[in-house]
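Q:
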Amino acid sequence: MRVLLIEDFEPLARSLAQGLREAGYAVDASADGEEGLALAESSPYDAILLDLMIPKLDGLTVLRRLRARGAATAVIVMTARDQVPDRVAGLDLGADDYLPKPFAFEELLARLRAVIRRRYQAPSNLVRVADLEIDAAGRAVQRGGRAIALSALEYALLEYLAMRRGQVVTRAEIREHVYDFAAEPASNVVDVYVGYLRKKIDDGHPVRLIHTHRGLGYSLGEAP
Amino acid sequence: MTRSLRLRLTLAVVIVLAAVLATFAVVVHLVLEQALVRQLDVRLAGDAAAVAGMAEDDPAGPEFEYESLPQFERQVRPSYFEAWLDGTRVFARSPTLGAHDLPTLGARPGAPAFADVTLPDGRPGRAIALRQPLRIEDGPPGAGPSTRLVTVVVAEGTEEVRETLATMVRWLWALALGAFAAAAAAAYLIVARGLGPVRAVAAQIERLDADELDRPLPTASLPEEIEPVVRKLNELLARLAASFARERRFTADVSHELRTPLAALRTTLEVAAAQDRPAAAYRAAIRDATALATQTQALVANLLMLARLDARQVEVETREVGLRALVDDCWRPFEGEAAARRLRFANEIAADTTVATDPDKLRIVIANLLSNAAAYTAADGSIAARDGDGRTLLEIVDSGPRIPDELLPRLFDRFSRGDAARSGGVHCGIGLALVRGVCAILGLEAAAENAADGSVCFRITGAVRGRARPSPAMSRAS
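From first to last, the protein sequence lines stand for chains C and W.
Take 1 as the starting number for the first sequence in this note's numbering and just add one per residue.
Take 225 as the starting number for the second sequence in this note's numbering and just add one per residue.
#1: Closer than 7 Å, CB to CB, is L93/C near chain W or not?
#2: Would you mind sorting F248/W into buried or exposed? The rule is 16 or more other CB atoms within 10 Å of its CB.
#3: Is T73/C helix, strand or coil by DSSP?
#4: Pull up the distance between the alpha-carbon of V650/W and that of L523/W, whole angstroms please.
#5: Which same chain residues, not among the five before or five after A406/W, have their C-beta less than 8 Å away from its C-beta?
#6: Could you list which residues in chain W have their beta carbon closer than 7 Å to that of L16/C, in chain order?
#7: Report the option in E10/C, A26/C and A72/C whose CA atom is closest to the CA atom of R175/C.
#8: Please tell me whether T601/W has its Cβ less than 7 Å away from any Cβ of chain C.
#9: Mind checking the stretch 16-47 of chain C against chain W and listing, in chain order, the residues whose C-beta falls within less than 7 Å of any C-beta there?
#10: In the DSSP assignment, find the unbroken alpha helix (DSSP H) run with S348/W in it and report its ends.
#11: Hey, is the stretch 125-140 of chain C in contact with the stretch 186-199 of chain C, meaning 3+ C-beta pairs nearer than 8 Å?
#12: I need the boundaries of the alpha helix (DSSP H) containing R171/C, first residue and last residue.
#13: In chain W, which residues lie less than 8 Å from A101/C when you measure between Cβ atoms?
#14: Spatial neighbours of L93/C within its chain, please: CB distance less than 7 Å, with the 5 preceding and 5 following residues excluded, ordered by chain position.
#15: Listed in chain order, which residues of the stretch 128-156 of chain C have Cβ atoms closer than 9 Å to some Cβ of chain W?
#16: Inspect the beta-carbon positions of G221/C and R165/C and report whether they are closer than 7 Å.
#17: Count the other CB atoms within 10 Å of the CB of G661/W; is the residue buried (16 or more) or exposed (fewer)?
#18: What in chain C is Cβ-close to A476/W, meaning under 8 Å?
#19: Which residue's Cα is closest to the Cα of A136/C: Y120/C, L209/C, R2/C and S124/C?
#20: State the start and end residues of the unbroken beta strand (DSSP E) segment that holds R128/C.
#21: Express the C-alpha separation of I148/C and K199/C in angstroms, rounding to a whole number.
#22: What does A104/C touch in chain W if you count any residue whose Cβ is under 8 Å from its own?
#23: Identify, in the order they occur along the chain, each residue of the same chain with its Cβ nearer than 7 Å to the Cβ of R626/W, setting aside the five sequence neighbours on each side.
#24: Counting Cβ pairs closer than 8 Å, one from the stretch 366-386 of chain W and one from the stretch 341-349 of chain W, do we hit at least three?
#25: Is the Cβ of S647/W closer than 7 Å to any Cβ of chain C?
#26: Return the residue from the list G624/W, S595/W, Q521/W and R565/W that minimises the CA-CA distance to P557/W.
#27: Ignore the nearest five residues each way along the sequence and tell me which others in E559/W's own chain have a CB closer than 8 Å to its CB.
#28: When DSSP builds the beta bridges, which residues end up paired with H211/C?
#29: Between V168/C, A162/C and L158/C, which lies nearest to G195/C when the distance is taken from Cα to Cα?
#30: When you compare each of L668/W, L254/W, D611/W and A676/W to R386/W by their alpha carbons, which one comes out closest?
#31: Going by the CB atoms, is the gap between V127/C and D96/C shorter than 7 Å?
#32: Under 8 Å by Cβ, that's how I've got A598/W and I607/W pegged, so tell me the actual separation to the nearest angstrom.
#33: Quick one: which chain W residues come within Cβ less than 7 Å of P123/C?
#34: Based on Cα-Cα distance, which residue from Q519/W, P302/W and R355/W lies nearest to R372/W?
#35: For the alpha helix (DSSP H) containing L523/W, name the first residue and the last one.
#36: Report the rounded CA-to-CA distance for L91/C versus D46/C, giving the unit in angstroms.
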């Protein structure tokens with residue numbers, strides 16, 4: 001899942017970016033409103049973490065412009081202003097959630113999972129595809145009751161495919177939404193990781209869940 | 225003295241009313257008494273004339289022919305008369321007089337005399353003395369009056385007069401008291417009614433709470449005596465509301481400024497602890513956390529100082545201090561930050577410049593000005609600390625960018641800053657507010673201006689600046 005972080009206080013932005021990356025997110029960071037808005041408009045982020053008091057363009061304006069252009073990206077507003085009118089203003093402008101500073105990093109992760117789940121219309125953190133179970137909260141995967149150990153990148157790829165289960169997902173979409181593929185120079189990196197994933201998920205099972213659609217992309221599901 | 229306006233006003237009205245009514249009653253009393261006495265005197269004069277008429281001059285000699293008059297004969301409260309011939313010989317006496325004499329009162333012909341007397345039976349009374357020529361019985365027409373004189377004194381008890389007077393006075397005082405009571409009650413009620421608007425305003429003030437201080441009390445229907453009070457009160461309320469709003473904004477800003485570094489501190493620590501890492505990674509996280517804690521500490525120290533300034537709890541200990549060394553000391557914490565942005569710093573203050581001030585407080589001023597310069601001066605720029613001349617203590621000059629004009633007038637206000645979003649705890653609009661506050665207790669003034677060449681100058685004025693004194697002969701002060 002790709003997340004845009006717009007926060008101008010450098011120590012906070014640095015820690016947040018590190019923590020989010022370690023939690024399996026692809027993170028782009030910006031320290032001002034103008035750059036943040038430009039980034040938000042150029043890539044399809046799964047979620048935006050938005051500070052309100054940022055230079056050049058304040059957070060509420062960024063949010064308003066984003067929504068005015070019809071962007072449906074989930075937005076979590078993080079701010080040190082926690083008065084009720086501030087929260088109401090943020091939510092009314094189309095924020096999906098509001099997190100007053102300082103917050104527990106775990107809570108930020110939980111809220112992030114929740115807004116991304118809503119975006120992909122998943123009712124809970126637990127996604128089932130046939131006998132495959134993906135627990136987004138614990139980042140645990142098992143198939144047929146047996147736990148499967150995945151690398152961070154493999155997990156991120158599987159989670160994205162699971163969120164869009166039953167749909168064909170293009171390689172470009174995978175590059176956009178899954179951590180660091182964009183940074184990898186090799187053009188076939190997506191195919192390589194799908195191969196790793198297929199080995200861990202499907203090998204030894206009669207029903208294959210990861211399907212290749214020639215010339216289009218991949219899908220996760222019982223039927224191709 | 226009671227503090228109730230209603231009681232005071234009523235009391236004043238009642239006292240005036242009592243004085244007026246008492247004076248009125250006394251005057252009426254005196255007038256009545258006089259009128260009654262005059263009435264008595266007229267009767268006495270009539271009686272005296274009647275008695276004098278009983279004496280006549282006759283060719284056979286003067287004689288007194290007593291004709292019975294009831295008042296001189298009754299047993300209860302009798303009247304008395306006595307008549308003398310030529311002022312010496314007793315001519316006649318009323319039957320009631322017995323062997324007593326009445327005083328002659330020194331009456332002269334044609335001028336009757338009146339006096340209050342004690343009657344022979346001990347009663348208080350009033351007497352008239354009449355002295356006139358004897359009547360001539362059957363005298364020839366045109367004959368003159370007799371040459372002989374009769375003196376008549378008639379005396380009568382005054383108890384009737386006094387009883388009448390007492391009755392009238394009783395009524396008079398009863399009426400006066402009644403009028404007084406009625407007027408006092410009316411005054412009390414009228415004053416209470418008149419003070420109604422005051423009570424209404426008081427009730428409105430009582431209902432005020434801190435959240436609606438910006439809503440003025442209505443003045444349209446108020447009497448013109450109370451309107452100015454309420455208008456002044458409204459002005460006070462407006463000032464209070466503004467001050468509360470400032471206070472609320474300040475609290476919100478403070479909480480914002482404290483929460484931001486705290487959020488970074490917490491996230492840094494939580495992320496660091498989320499998984500196993502090499503020692504170097506932990507050390508880096510701890511370094512970050514320490515820097516954040518230091519930053520927060522500086523912010524808290526500034527806030528506390530600001531709060532103490534507000535509470536007037538700051539004491540000033542003045543001594544002579546070398547300015548150049550102080551500036552060097554203050555610059556040290558910003559050396560790293562300045563070097564990272566390639567800022568040049570020059571301390572151009574003369575080595576022997578001294579200031580008589582509280583060095584700890586002046587340190588806050590200089591440190592905040594340098595911190596501000598280090599943060600806001602554009603990369604590759606320069607910062608200089610200079611001696612001023614005249615009343616100027618020192619100047620901190622940086623190479624810009626210039627302070628936006630709209631910011632300049634409120635530069636030293638709390639939480640005004642270059643970019644509304646510039647956060648992180650230290651340059652959050654507290655530093656310059658603190659500079660102004662500390663300067664005020666040191667008797668200094670802080671000012672900022674954009675120079676024509678694009679540089680920015682912060683100027684501290686007002687302290688007694690001098691030169692270090694190697695020997696008394698060289699000492700001079702400007």
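For every residue, glycine included, the Cβ atom is placed at its ideal position computed from N, Cα and C.
Please read all numbers here as calculations on a predicted model, not as lab measurements.
A: The short version:
#1: no
#2: exposed
#3: coil
#4: For V650/W, the predicted model reports a pLDDT of 44, less than 50, meaning its position is unreliable and no value from the coordinates is stated.
#5: none
#6: T491
#7: A26/C
#8: no
#9: L16, Q18, G19 and E22
#10: Residue identity check: residue 348/W is Pro in the sequence provided, not Ser. Where P348/W is concerned, there is no enclosing alpha helix (DSSP H), although the beta strand (DSSP E) it sits in stretches over P348 to P357.
#11: no
#12: R171 to H177
#13: In the sequence under discussion, the amino acid at residue 101/C is Lys, which differs from the Ala named in the question. Under the 8 Å cutoff, chain W gives R483, T484, L486 and A487.
#14: L60, L63, R64 and R67
#15: none
#16: yes
#17: buried
#18: R81 and Q83
#19: S124/C
#20: L126 to V129
#21: 11 Å
#22: R490 and E494
#23: N674, G678 and V680
#24: yes
#25: In this prediction, S647/W scores a pLDDT of 37, lower than 50, which makes its location untrustworthy; the coordinate-derived value is nonetheless stated afterwards. Answer yes: the Cβ-Cβ gap between S647/W and chain C drops below 7 Å somewhere.
#26: S595/W
#27: F569
#28: S219/C
#29: L158/C
#30: L254/W
#31: no
#32: 7 Å
#33: What P123/C touches in chain W: nothing, since even the nearest Cβ is about 27 Å away.
#34: R355/W
#35: A503 to D534
#36: 18 Å
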